[in-house]
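Per UniProt numbering, the sequence shown starts with residue 1, numbered consecutively. Quick reminder that beta carbons are idealized off the backbone N, C-alpha and C, glycines included. The structure displayed is predicted, hence computed values, not measured ones.
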Amino acid sequence: LGLENLRRVAELRPDKHILFTEGCQELSGRPLESVMGDWKLGERYGMNIIADLNNGCEGWIDWNLCLDHTGGPNHVGNLCVSPIICDTRNDKVQYESSYWYLGHFSRYLRPGACRAVCGTSRDVLEVTAWLNPDGSLCIVVMNQSEEDLDFWLKVHGSGAVSTEAPARSITTFVVDDVENACSLSADSENGDASTQAACLSGC
Numbered sequence: 001l002g003l004e005n006l007r008r009v010a011e012l013r014p015d016k017h018i019l020f021t022e023g024c025q026e027l028s029g030r031p032l033e034s035v036m037g038d039w040k041l042g043e044r045y046g047m048n049i050i051a052d053l054n055n056g057c058e059g060w061i062d063w064n065l066c067l068d069h070t071g072g073p074n075h076v077g078n079l080c081v082s083p084i085i086c087d088t089r090n091d092k093v094q095y096e097s098s099y100w101y102l103g104h105f106s107r108y109l110r111p112g113a114c115r116a117v118c119g120t121s122r123d124v125l126e127v128t129a130w131l132n133p134d135g136s137l138c139i140v141v142m143n144q145s146e147e148d149l150d151f152w153l154k155v156h157g158s159g160a161v162s163t164e165a166p167a168r169s170i171t172t173f174v175v176d177d178v179e180n181a182c183s184l185s186a187d188s189e190n191g192d193a194s195t196q197a198a199c200l201s202g203c
């Protein structure tokens, strides 16, 4: 229901900029140590960011990019896990899985990018695609399954390439010049049959 309403607002008011704000993972009374290093936290971020971007959001803001070893400070005791944990007891910094997942969007989707129509032939893959102002096409593919998935990445009018989404991973593909499909690069993170992800470029 939430994504349907988001899509409706985006369609009814294309003149408005829609941002998701205050993204976080609350601890709900658990100690921070019990969730640190949990790959599923990053997957939750990735799943939500892809869904929000595909349904009309133009941006996604994390409420707490950096917290201390308690999941705070917080004036009302609403402690959370954040992408970066700074342990003030021993001056150590730990990057959580959500940090790496956020990077697959913030490193490659540039200001002014517009969403490209995209889809996948398998429900286990999540995908979003964006055409950047420099002409590059950024495609983020997320595989939450326990299996490596081979698939064909097809870009309309530019051909296809056989590739893989490793189990429990997020991978960003960049086509540097989508009109000529001159080069494809990939960046992947992971926690531990043939599929297609197809993209049509154009704003």
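Determine the contact status of Thr128 and Ile18, defining contact as a CB-CB distance below 8 Å.
For the purposes of this step, residue 128 is taken as residue 128 along the sequence shown, with counting starting at 1. For the purposes of this step, residue 18 is taken as residue 18 along the sequence shown, with counting starting at 1. Contact: no.
Specify the secondary structure class of Met36 as computed by DSSP and reduced to three states.
Locating residue 36 in the sequence shown gives position 36, counting from the first residue. Correct three-state label for Met36: coil.
Residue 237: buried (16+ other C-beta within 10 angstroms of its C-beta) or exposed?
Examination of residue 237 is not possible in this model, given that the chain is present from 1 through 203 alone.
What ranges does the beta strand (DSSP E) occupy inside the stretch 139-176, keeping only unbroken runs of at least 3 residues that lie completely in it?
149-155, 159-165 and 169-175, all fully within the stretch 139-176.
Considering only the beta carbon of each residue, do Cys66 and Cys86 sit closer than 8 Å?
Counting from 1 along the sequence shown, the entry for residue 66 is found at position 66. Counting from 1 along the sequence shown, the entry for residue 86 is found at position 86. The answer is yes: Cβ separation under 8 Å.
Which residue marks the beginning of the beta strand (DSSP E) containing Trp60, and which one marks its end?
Residue mapping note: residue 60 aligns to position 60 of the sequence shown, counting from 1. Gly59 to Asp62 is the extent of the beta strand (DSSP E) around Trp60.
Which same chain residues end up closer than 6 Å to Ser97 when comparing Cβ atoms and leaving out the 5 residues on each side of it in sequence?
For the purposes of this step, residue 97 is taken as residue 97 along the sequence shown, with counting starting at 1. Excluding residues within five positions, the ones whose Cβ falls inside 6 Å are Trp39, Leu41 and Gly42.
According to DSSP, simplified to helix, strand and coil, what is Asp15?
Residue 15 sits at position 15 when you count from the first residue of the sequence shown. Coil, per DSSP.
Nearest CA to the CA of Leu137: which residue from Arg122, Glu147 and His156?
Locating residue 137 in the sequence shown gives position 137, where the first residue counts as 1. When only C-alpha atoms are compared, the closest one is His156.
Have a look at Leu125, Cys57, Arg89 and Tyr99 and flag the residue whose alpha-carbon is nearest the alpha-carbon of Gly2.
By 1-based counting over the sequence shown, the position of residue 2 is 2. That would be Cys57, whose Cα lies nearest to the Cα of Gly2.
Can you tell me which of the three DSSP states Leu65 falls into?
In the sequence shown, residue 65 corresponds to position 65, counting from 1. It is coil, neither helix nor strand.
Consider the Cβ of Leu79: report whether some Cβ of chain C lies at a distance smaller than 8 Å.
The displayed structure is made up of one protein chain only, and chain C is not part of it.
Please report the straight-line C-alpha distance between Thr163 and Tyr101, rounded to a whole angstrom.
Position 163 of the sequence shown, counted from the first residue, corresponds to residue 163. Position 101 of the sequence shown, counted from the first residue, corresponds to residue 101. Whole-angstrom Cα-Cα distance: 20 Å.
Looking only at its chain, what residues have a beta carbon closer than 7 Å to the beta carbon of Asn64, apart from the 5 residues adjacent to it on each side?
As a first step, residue 64 is located in the sequence shown; it is residue number 64 there, counting from the start. Only Cys24, Cys80 and Ser82 meet the Cβ criterion.
Rounded to whole angstroms, how far is the Cβ of Glu147 from the Cβ of Ala160, which I believe are closer than 8 Å?
Residue numbering aside, residue 147 sits at position 147 when the sequence shown is read from its first letter. Residue numbering aside, residue 160 sits at position 160 when the sequence shown is read from its first letter. That belief does not hold up - the Cβ atoms of Glu147 and Ala160 are roughly 21 Å apart, past 8 Å.
Would you identify the three-state DSSP class for Arg110, choosing helix, strand or coil?
Numbered from its first residue, the sequence shown carries residue 110 at position 110. Correct three-state label for Arg110: coil.
Taking DSSP as the reference, what is the three-state secondary structure of Leu137?
Residue numbering aside, residue 137 sits at position 137 when the sequence shown is read from its first letter. In this structure, Leu137 counts as strand in the three-state DSSP scheme.
Thinking C-beta only, is Leu32 closer than 8 Å to Gly71?
One-based indexing of the sequence shown puts residue 71 at position 71. One-based indexing of the sequence shown puts residue 32 at position 32. Yes.
On a CA-only basis, which of Ser121, Gln144 and Arg110 is nearest Lys154? Give me that one, please.
By one-based count along the sequence shown, residue 154 stands at place 154. Looking at the Cα atoms, Ser121 is the closest of the given residues.
Would the beta-carbon of Thr172 fall within 8 Å of that of His104?
Stepping through the sequence shown from its first residue, residue 172 is reached at position 172. Stepping through the sequence shown from its first residue, residue 104 is reached at position 104. Result yes, Cβ atoms of Thr172 and His104 sit closer than 8 Å.
When burial is assigned at 16 or more other CB atoms within 10 Å of the CB, is Asp91 buried or exposed?
Locating residue 91 in the sequence shown gives position 91, where the first residue counts as 1. Label assigned to Asp91: exposed.
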